[in-house]
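Right, one structure below, let's go through it.
Protein chains in written order, with the numbering used here: chain Y, 1 to 503; chain L, 504 to 767.
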């Protein structure tokens, strides 16, 4: 029965079910609507809700539970089948230097490959179920169809793959059956309750509320999930490496022989140093441009300049990184380096990558961020404040300095803190502009490195998730997360406190 | 109300502000049409009229606050002490120090009570030293009839006061710069009756030193506090004269309709 069924719809069962359920719910919509109209004797004034509400109610009851079950099933089925098949693989089938996980991925690939050759008509379903690893060169057959296998197929693997296929097709069958039953149940139920007195409007309202709550909880749960995954990996790291060295050591020198020095302090120093330089660039320029745009610029100039600034905010950070590497860095070397040929005739800077390079470019990146936030905040200061000051005979700039800016100050501080947390988390500019040497130095012309660049370098290339050199990335990431989260919380607190003042 | 008017002393004062053929345009809208008015020194002059009749606009012409609105154009002459305030040589910033303004909604700055009042004197350099400034602030707060309520908490934020106190603080703030004319744009519209009574009493005292021009929607208030009243309607100055005459024996039928409640 289930074989026949699989032959009919194959692997696209899920897509087909979605279409069927949506079709049924569309049918439900029209039927419920006309049923409602009929029960109100054709006059919509006799109904509790507008006819469309009855339709939406039916469509909702038909589609939502069925599709929900479908999604859960699609997520759970592979996991359960994996578990079941996993146990049947004998230890003898696992080659030297391999692992159960690797064999399992071979099994999955083989099972998919067998489906492919049935679809393309190389073999029929009967032939495939009676295959024997000894007599057929499956690897060659599959390679001819574009499915690459890691090694020659052995009998236990083939058995496991057959079992995998069998269980998958059974699972698909039950999935289709269950989803169909639920959709039909919803369909019938919603049509049965549809009559003139049924409060369809309130039901639809509840449905919308559920949708909104669901979206909000997904966003929050994802955040929790991210934090937890970082936390668990960090705990693994601290099992392998002493936390005193991580937080209080002074050297960052990972090597893959073990006994690495993995201390966050040099990285934290680099991060903060670059961020401070970036803020020194971004805050005055951003704030002054915000003051000009919000207080002095005419409407025409403003409508042209604001989008231009926002373009600056839309440039991908990797492009800023290129700018740092190719333009700003060499320009700085021309000024501070190259000995006699340099502009200052000094030899302070040897390479294009330095704290100053990265800081300057990051500052440029943050200008639109600071300026557009500050602009909004300055505009939120009530006109009555300005009138009051102007009415006392203050000039425009006195008014801005002594009334508008103090009134906007909490909001501006919030904007600066938000910019700071972006600077701390910024990656691409520092990867290209700051260099890769972890050290604690006060000289801004030296190359240094930051937390984010080290996370990138520890996790790219060949990684072994059991070594502290890799796991340290999660501890670094968690520290960074805590740092920026703290800044964001303070910033939002300040901004919110400020908002209350004028509402 | 009859008694009040009987008691009203009307002295002939010297001319402070005189407006001739004033026209104001907001873009294409002709907001003020051909207004001529003479405002006397040490007198309270009330502007009354229905909403949108241009009384606030005209008030804002007197200290050139309309300059801060881009689309607004003013034509005609407004003279203060015989000097044309729209002359090129007049700095509107200096003018506003001389012609103070109190707004409809109390708008204390987000600063301490002391700094609110000291704001104007500091900008214009009126105080020689700290003690002098303290003195100016105290005098202004006393004139604003709010000194007793705030003298123990001059460092508290001005925004923390009640609505009536805030408005009296704003009046004290305006008085602190020693203006010659005080413009008040519906100063009591956001206040309760008790605060209103306090502010009205204050206005009557301010008359000793200043020429006060007040815009109000309350005809009782105009009758209570002013010596002269001007009635605006649709951008025109319909009638201007002694408050007692305007309220008891108006010459223009529109004025009569407005004060008896038939229009507006």
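Ideal placement from N, C-alpha and C gives every residue a C-beta, glycine not left out.
Give the straight-line distance between the Cα atoms of residue i and residue j, rounded to the nearest whole angstrom.
i              : j              : result
residue 191(Y) : residue 51(Y)  : 13 Å
residue 497(Y) : residue 411(Y) : 9 Å
residue 131(Y) : residue 120(Y) : 17 Å
residue 365(Y) : residue 270(Y) : 18 Å
residue 182(Y) : residue 70(Y)  : 10 Å
residue 647(L) : residue 677(L) : 9 Å
residue 759(L) : residue 723(L) : 15 Å
residue 104(Y) : residue 158(Y) : 11 Å
residue 629(L) : residue 679(L) : 9 Å
residue 735(L) : residue 206(Y) : 55 Å
residue 765(L) : residue 33(Y)  : 55 Å
residue 320(Y) : residue 106(Y) : 43 Å
residue 77(Y)  : residue 300(Y) : 60 Å
residue 247(Y) : residue 448(Y) : 18 Å
residue 711(L) : residue 683(L) : 11 Å
residue 322(Y) : residue 358(Y) : 11 Å
residue 154(Y) : residue 93(Y)  : 8 Å
residue 453(Y) : residue 426(Y) : 9 Å
residue 226(Y) : residue 478(Y) : 10 Å
residue 409(Y) : residue 598(L) : 30 Å
residue 404(Y) : residue 701(L) : 30 Å
residue 690(L) : residue 216(Y) : 47 Å
residue 640(L) : residue 396(Y) : 24 Å
residue 517(L) : residue 716(L) : 15 Å
residue 585(L) : residue 521(L) : 8 Å
Going along chain L in order, which residues have a C-beta closer than 8 Å to the C-beta of residue i?
i              : result
residue 398(Y) : 626
residue 337(Y) : Neighbours of residue 337(Y) on chain L: none; closest Cβ ~49 Å, over 8 Å.
Count the other C-beta atoms from every protein chain shown that fall within 10 angstroms of the C-beta of residue i, then say buried if there are 16 or more, exposed otherwise.
i              : result
residue 695(L) : exposed
residue 504(L) : Note that residue 504(L) has pLDDT 44, beneath the 50 cutoff, so the model's placement of it is unreliable and the number below is only indicative. Counting Cβ neighbours within 10 Å, residue 504(L) comes out exposed, since fewer than 16 surround it.
residue 747(L) : buried
residue 72(Y)  : exposed
residue 633(L) : exposed
residue 507(L) : With a pLDDT of 49 at residue 507(L), under the threshold of 50, the predicted position of this residue should be treated as unreliable, and no value is reported.
residue 442(Y) : exposed
residue 423(Y) : buried
residue 485(Y) : exposed
residue 90(Y)  : exposed
residue 310(Y) : exposed
Tell me which residue opens and which closes the beta strand (DSSP E) that residue i is part of.
i              : result
residue 93(Y)  : Here residue 93(Y) belongs to no beta strand (DSSP E), and DSSP marks it neither H nor E.
residue 569(L) : It is not in any beta strand (DSSP E) - residue 569(L) carries neither H nor E in the DSSP assignment.
residue 688(L) : 684–688
residue 714(L) : 714–718
residue 743(L) : 739–745
residue 537(L) : 532–543
residue 802(L) : A question about residue 802(L) goes unanswered here, because the residues of chain L that appear run from 504 up to 767.
Starting from residue i, find everything on chain Y with Cβ-Cβ shorter than 8 Å and list it in chain order.
i              : result
residue 610(L) : 382, 384, 385, 387, 388
residue 702(L) : Correct list: empty, because the minimum Cβ distance to chain Y is about 17 Å.
residue 730(L) : The contacting residues do not exist; residue 730(L) stays about 24 Å from chain Y at best.
residue 690(L) : Going along chain Y, no residue has its Cβ under 8 Å from residue 690(L), so there is no contact; the nearest lies around 13 Å.
residue 519(L) : The contacting residues do not exist; residue 519(L) stays about 18 Å from chain Y at best.
Under 9 Å between beta-carbons, which chain Y residues line up against residue i? List them in chain order, please.
i              : result
residue 647(L) : The premise fails here: residue 647(L) is roughly 14 Å from chain Y at the closest Cβ pair, so nothing lies under 9 Å.
residue 676(L) : 388, 392
Starting from residue i, follow the alpha helix (DSSP H) in both directions and report where the run begins and ends.
i              : result
residue 31(Y)  : 13–39
residue 528(L) : Element bounds for residue 528(L): not the alpha helix (DSSP H) but the beta strand (DSSP E), 518–529.
residue 115(Y) : 100–119
residue 234(Y) : 200–240
residue 423(Y) : 405–425
residue 300(Y) : 299–314
residue 547(L) : Careful: residue 547(L) lies outside any alpha helix (DSSP H), inside the beta strand (DSSP E) at 547–551.
residue 698(L) : 696–709
Which residues of chain L have a Cβ atom closer than 7 Å to the Cβ of residue i, listed in chain order?
i              : result
residue 450(Y) : None at all; the shortest Cβ gap to chain L is about 38 Å.
Name the chain Y residues that come within less than 7 Å of residue i, Cβ to Cβ?
i              : result
residue 623(L) : 392, 393
residue 604(L) : 391
residue 630(L) : Ordered by position in chain Y, no residue passes the 7 Å Cβ test against residue 630(L), which lies about 15 Å from the chain.
Can we count residue i as close to the ligand ADP, meaning its CB is less than 8 Å from some heavy atom?
i              : result
residue 592(L) : Among the ligands in the structure shown, none appear at all, so the ligand ADP cannot be discussed.
Original post:
Quick one, which residues of the stretch 657–673 of chain L are near chain Y if we go by CB-CB under 9 Å, in chain order?
Top reply: Listed by position, the residues of the stretch 657–673 of chain L near chain Y (Cβ gap below 9 Å) are 662, 673.
Original post:
Name the residues in the stretch 712–723 of chain L whose C-beta lies less than 8 Å from a C-beta of chain Y; which are they?
Top reply: Here the close residues number zero.
Subject >> Residues of the stretch 401–429 of chain Y with Cβ closer than 8 Å to any Cβ of chain L, in chain order >> reply: Within the stretch 401–429 of chain Y, the residues whose Cβ lies closer than 8 Å to some Cβ of chain L are 402, 403, 406, 407, listed in chain order.
**OP:** Could you please tell me which residues of the stretch 558–581 of chain L, in chain order, have their CB closer than 8 Å to any CB of chain Y?
**Re:** Result list: 566, 568, 571, 573.
Subject >> Members of the stretch 582–601 of chain L near chain Y, C-beta cut-off 8 Å >> reply: If the cut-off is 8 Å between Cβ atoms, the stretch 582–601 of chain L has 596, 597, 598, 599, 600, 601 near chain Y.
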